[in-house]
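Working notes, beginning with the structure itself.
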Amino acid sequence: MSDQEDRMRGMFREHLEATYRTIKVVCGALPVPIELPDFGADILERIEAVGRAAELVCEQPLPSEPMTNAELMCHYWVAAAELSILDRIEPRSHRVASASVVLVTGHQAGLDFMLWFRNQRED
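For the working numbering, count along the sequence shown from 1 and bump the result up by 5.
Take a look at the structure:
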């Protein structure tokens, strides 16, 4: 593995954790809060919890767009996290690149939800 691939994997893992923090904030801010495992929890435990959160988000009393953003954020994070596990087992640079694209899309959905939420609080 090249130094560049190592750096890319490191940056991806940092972004995966940052996005998980966003998911934790979003889920905690929902009308019916959803509690997720702490940051130090095993990745498989967090994947299971975020997958379940994606299902529970759909039961929240929210307008369609923010509900969809919260749900997508969870699904995209799960997909990226699962790709990262596969990459650890059998490293391939295309997996990290693909997971990064998925993660950026999910993170943006979370940011869109937080913007909507902030605007609701200001009204």
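C-beta atoms are modelled at their ideal positions from N, C-alpha and C, and glycine is treated no differently. Quantities reported herein were computed from a predicted structural model and do not represent experimental measurements.
Collapsed DSSP secondary structure at residue i in the structure displayed
i	result
Glu95	coil
Cys63	coil
Asp47	coil
Ile39	coil
Ser69	helix
Ser89	helix
Close beta carbons around residue i, own chain, < 6 Å, minus the five adjacent residues each side
i	result
Ala58	Cys32, Ile39, Cys79
Met13	Val101
Lys3	Because residue 3 is not part of the residues shown, which for the chain are 6 to 128, the question remains open.
Sub-8 Å separation of residue i and residue j beta-carbons
i	j	result
Val83	Val106	no
Glu76	Val62	yes
Ser89	Phe17	yes
Ile48	Ala86	yes
Tyr81	Ala46	no
Rounded distance between the beta-carbons of residue j and residue i, thought under 8 Å
i	j	result
His20	Leu108	6 Å
Leu35	Gln65	5 Å
Chain-order list of residues whose beta-carbon lies under 7 Å from that of residue i (same chain, five-residue window excluded)
i	result
Glu50	Pro42
Arg126	none
Val37	Gln65
Proximal residues to residue i (C-beta, below 8 Å), its chain only, five neighbours per side dropped
i	result
Thr27	Met78, His112, Gly115, Leu116, Met119
Ala23	His112
### Complete runs of the alpha helix (DSSP H) confined to the segment 95-127 [at least 4 residues]
98-127
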